[in-house]
Amino acid sequence: MKQYKMILVALLGLILTGCYNKFEEPVPEVIYNDESFEAANPDLQHISIADLKAIFGATSRTGDTGSKDGTKYIRFVENEDECTDFERTKKWYNTGNYYIKGKVISNDEQGNIYKSLYIFDGTAAIELKLTNGLFLDYPCDLDTRESMWVYVKVRGLYLGNFRMMLSLGDIPTSSLNSWGTYKYYANSNIVSPNKVRKHVFPGEKTTLTQSATDTTADIFEVDENTYSTIQGNNTPKFLGRLIYFKNLKVRYAGVPYPDEQGNIVTPDPLLNGSFEQIYPSWLSTSGIQTSLPIVPGGQYVQVVNQPWYKLSYSMNNVALYGSLCLSYDDNAKYTSDHGLYMLRTSGYARFAGQYVPKNGTVGNVLAIYQIYSKQSDYMGGEDDYSTYQIAINRIQDLEFETSPKEAYPAWSEHIKWAEINFPQYVYPVTPDYAARAAAVAEWKANYENNKPADDGSTLWQEWNEWGNWVMWTIENTPEYAYILPQQIVEEVDTIE
Numbered sequence: 001m002k003q004y005k006m007i008l009v010a011l012l013g014l015i016l017t018g019c020y021n022k023f024e025e026p027v028p029e030v031i032y033n034d035e036s037f038e039a040a041n042p043d044l045q046h047i048s049i050a051d052l053k054a055i056f057g058a059t060s061r062t063g064d065t066g067s068k069d070g071t072k073y074i075r076f077v078e079n080e081d082e083c084t085d086f087e088r089t090k091k092w093y094n095t096g097n098y099y100i101k102g103k104v105i106s107n108d109e110q111g112n113i114y115k116s117l118y119i120f121d122g123t124a125a126i127e128l129k130l131t132n133g134l135f136l137d138y139p140c141d142l143d144t145r146e147s148m149w150v151y152v153k154v155r156g157l158y159l160g161n162f163r164m165m166l167s168l169g170d171i172p173t174s175s176l177n178s179w180g181t182y183k184y185y186a187n188s189n190i191v192s193p194n195k196v197r198k199h200v201f202p203g204e205k206t207t208l209t210q211s212a213t214d215t216t217a218d219i220f221e222v223d224e225n226t227y228s229t230i231q232g233n234n235t236p237k238f239l240g241r242l243i244y245f246k247n248l249k250v251r252y253a254g255v256p257y258p259d260e261q262g263n264i265v266t267p268d269p270l271l272n273g274s275f276e277q278i279y280p281s282w283l284s285t286s287g288i289q290t291s292l293p294i295v296p297g298g299q300y301v302q303v304v305n306q307p308w309y310k311l312s313y314s315m316n317n318v319a320l321y322g323s324l325c326l327s328y329d330d331n332a333k334y335t336s337d338h339g340l341y342m343l344r345t346s347g348y349a350r351f352a353g354q355y356v357p358k359n360g361t362v363g364n365v366l367a368i369y370q371i372y373s374k375q376s377d378y379m380g381g382e383d384d385y386s387t388y389q390i391a392i393n394r395i396q397d398l399e400f401e402t403s404p405k406e407a408y409p410a411w412s413e414h415i416k417w418a419e420i421n422f423p424q425y426v427y428p429v430t431p432d433y434a435a436r437a438a439a440v441a442e443w444k445a446n447y448e449n450n451k452p453a454d455d456g457s458t459l460w461q462e463w464n465e466w467g468n469w470v471m472w473t474i475e476n477t478p479e480y481a482y483i484l485p486q487q488i489v490e491e492v493d494t495i496e
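Here the sequence shown stands for residues 1 to 496, numbered as in this note's numbering.
What follows is the structure in C-alpha cells.
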C-alpha cells in the first residue's frame, strides 16, 4: 500500500509539473508578413494611412473638443445599423473593411510618449491610442533604427480628430478637464489588452530609413534652410511623423536671464508661441492652490516660468508638464509662423530631472511632429491660434550640450542643493522672502568656498559657467512666476 501511494504521488507530481511547464511556455505569438496576414484575413482590404486619413476629410474646424457636434470622428462598422442616430445623421461612419500597416516610429519606455503607438507607411503616419508598455510588444530602437511592421484592423475602431491630429482609438468620451471645463474627445485609448490584440498585430522586423531629401523616408531631416518643407500646405502629410530637426535654437520668451557678459536680458514676450505665453514654462494640472481659479468653479492651476529649471519634474507628488520654445526664425512671433515649435515634456517622464538648455543653445532634436489647433488658418484671435509641437520619445533625442554635473563632487553638492530647495520658493503664493534670502546667501557662500581652483581646463570653464548661471537664477527669478489666463493654459489640453 505504501508503495502504491508513492507511485500515485509521483504521478501527481508529473501531472502538476506538466501543467506548470505549459504555463511557463505560452504559445509563441504569430509574426505576420503581407502574405500570411492577408491569407488569415481574406476579407480585409489594405489601404494606405494617407488613404485612411482621406476618409476622414478636412481636419480644420472639426476637432475643437468643446462640443460633441464640433469634434468629428469616423466610426468603422459592418453596416449602419450599428451606428447611433447621431452618427447616421452626421454620416460619421464607414462600412469599409480595411487594414493598414506601418513601421513603428515611437517608443514609450521613458514615459514621455504615453499609451500611444505611432506608425508610418511611407505615405503618412498615425497615432494608435492603446495602453502602456507598448515598447515591450512593439519595439522601436531609435539608436540602431531597428523597428517592426504592425498590421491594424480598422473595423470596430474610431478615427478621431484632436485639434487637427488624427488617431485611431476606442469610443468617444467626455469629461471635465483640470479647470472644470467640459471636453469632448473624439476617441479614447483601447485599454483592454485583449482588444488591442484583436486589432493590432505584430509583423516582421525592419529598419527605419532617414533622409533629408526623400519625403517617404521613415525619418525626415530638416534644418534652418529646409524647415518650410514640413509646414504650410505640406503640414498634414508630415503630422505624426518622426522628424530630425537639425540646428534648432532654444528661445526664452518673457523670462529674464543673464547673457554671456552677465547683463540681464528680458526677451520680448510676443516672440513666443501664442499671445503672451512665456517660455520656458511648467504647468501643474493637479489643482494646486493658487490665488484664484482659472475658470469660475474650476480647480486651481499654477504655471511656473523660470530661466533655469528642469524639462519637467515632480514635486510633492505633483507632476508638472514642461513647455520649451525652439525655433529656426528669431523673428517669428506665433507658432503659426514658420520655424517655431513647442517641445512638450511630461511630468511623469523618466527624464523629468534633466535640465532645460540655456537661451540661444543650438542642437538637434528627433521628435514626433504635431499640431494643436482648431483650424488651419491663423487669424490671431483667442480661439484660433495654432501651435506646432514636437514630442521626444527619449531624452537621448534632445541633442543639446549638458554640463558635467559629477565632474567636481564638492561643487556638485551645492548644485544639487539648488535642485532640491529652489522649487519650494517658486510654489507658495506668498513665499517667505526673508527665509529665502537667508538660504540663498548661505548657499552662495558655500558655493564660492567649495569652488575648486581654476586649472585652466575647458571642463572647469564649463562648470564655472553652469554654476554661476544656476546661482544667478536662484538669486533673481522667484518674482517671475505667473498665473496665466485661461486662453493661454488651455493649450496644455494637448498633453492631458
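Each residue gets a CB set at the ideal place from its N, CA and C atoms; glycine is no exception.
Ala453 counts as exposed, since fewer than 16 other beta carbons sit within 10 angstroms of its beta carbon. If you draw a straight line from the Cα of Val77 to the Cα of Trp149, it is about 25 Å long.
Look at Met165 here: in three-state DSSP terms it is strand. With contacts defined by Cβ atoms closer than 8 Å, Ala217 and Thr226 do not form a contacting pair. Comparing alpha-carbon positions, the option among Ser147, Ile171, Met164, Gly102 lying closest to Gly156 turns out to be Ile171. When DSSP assignments are scanned along the region 135-213, the uninterrupted stretches of alpha helix (DSSP H) that are 4 or more residues long and fall wholly within it turn out to be 193-199.
Judged by DSSP in its simplified three-state form, Gly63 adopts strand. In the three-state reduction of the DSSP assignment, Gln370 falls in the strand class, which pools E and B. 8 Å or more divides the Cβ of Lys53 from the Cβ of Tyr184.
Around Ser147, the same chain offers Lys103, Val104, Cys140, Thr206, Leu208 as residues with beta carbons nearer than 6 Å, after the five sequence neighbours per side are excluded. A Cβ-Cβ distance of about 16 Å is found for the pair Arg394 and Asn132, leaving them out of contact under the 8 Å criterion. About 5 Å separates the beta carbon of Tyr369 from that of Ile243, a gap short enough to meet the 8 Å contact definition. In terms of Cβ geometry, Pro202 and Tyr138 form a close pair [threshold 8 Å].
Annotation for Arg88: the continuous alpha helix (DSSP H) segment containing it runs 85-90. About 5 Å separates the beta carbons of Lys115 and Asn189, which is inside the 8 Å limit, making them a contact pair. Under the criterion of beta carbons closer than 8 Å, Glu80 and Thr95 qualify as touching, at roughly 7 Å. Judged by beta-carbon spacing, Asn161 lies beyond the 8 Å limit of Lys249, meaning their Cβ atoms are not closer than that value. Comparing alpha-carbon positions, the option among Gly63, Leu311, Gly339, Leu326 lying closest to Ala349 turns out to be Leu311.
With a 10 Å radius around the Cβ and a threshold of 16 neighbouring Cβ atoms, Pro280 comes out buried. In the structure shown, the three-state DSSP call for Ser312 is coil.
Going by beta carbons, Asp330 and Leu366 fall outside the 8 Å limit. Pairing Tyr99 with Cys83 gives a Cβ-Cβ distance that is not under 8 Å. Inclusion of Val440 and Glu475 in the CB contact set at 8 Å is warranted, their separation being smaller than that value. In chain order, Gly363, Asn364, Val365 place their CB closer than 7 Å to the CB of Glu399, counting only its own chain and leaving out the 5 sequence neighbours on each side.
Sequence-distant Cβ neighbours of Leu343 in its own chain, meaning closer than 6 Å and more than five residues away, are Leu324, Leu326, Ile390. DSSP, reduced to helix, strand and coil, places Thr216 outside both helices and strands of the structure shown, so it counts as coil. Counting the other Cβ atoms within 10 Å of the Cβ of Ala253 gives 16 or more, which makes it buried. In the DSSP assignment, Ile55 falls outside any beta strand (DSSP E) and lies within the alpha helix (DSSP H) extending over 49-56. Residues of the same chain with a CB within less than 7 Å of the CB of Gln354, apart from the 5 flanking positions on each side, are Lys310, Leu311, Ile395 in chain order. Within 10 angstroms of the beta-carbon of Thr65 lie 16 or more other beta-carbons, which makes it buried. Judged by DSSP secondary structure, Lys237 falls within the alpha helix (DSSP H) whose first and last residues are 235-238.
Taking Leu340 as the centre and dropping the five residues before and after it, the same chain places the C-beta of Ser327, Ala332 closer than 6 Å to its C-beta, in chain order. The three-state reading of DSSP puts Ala439 in helix, counting H, G and I together. Going by C-alpha positions, Val191 is about 18 Å away from Tyr151. Using a Cβ distance threshold of 8 Å, Phe120 and Arg251 do not count as a contacting pair. Residues of the same chain with a CB within less than 7 Å of the CB of Asn468, apart from the 5 flanking positions on each side, do not exist.
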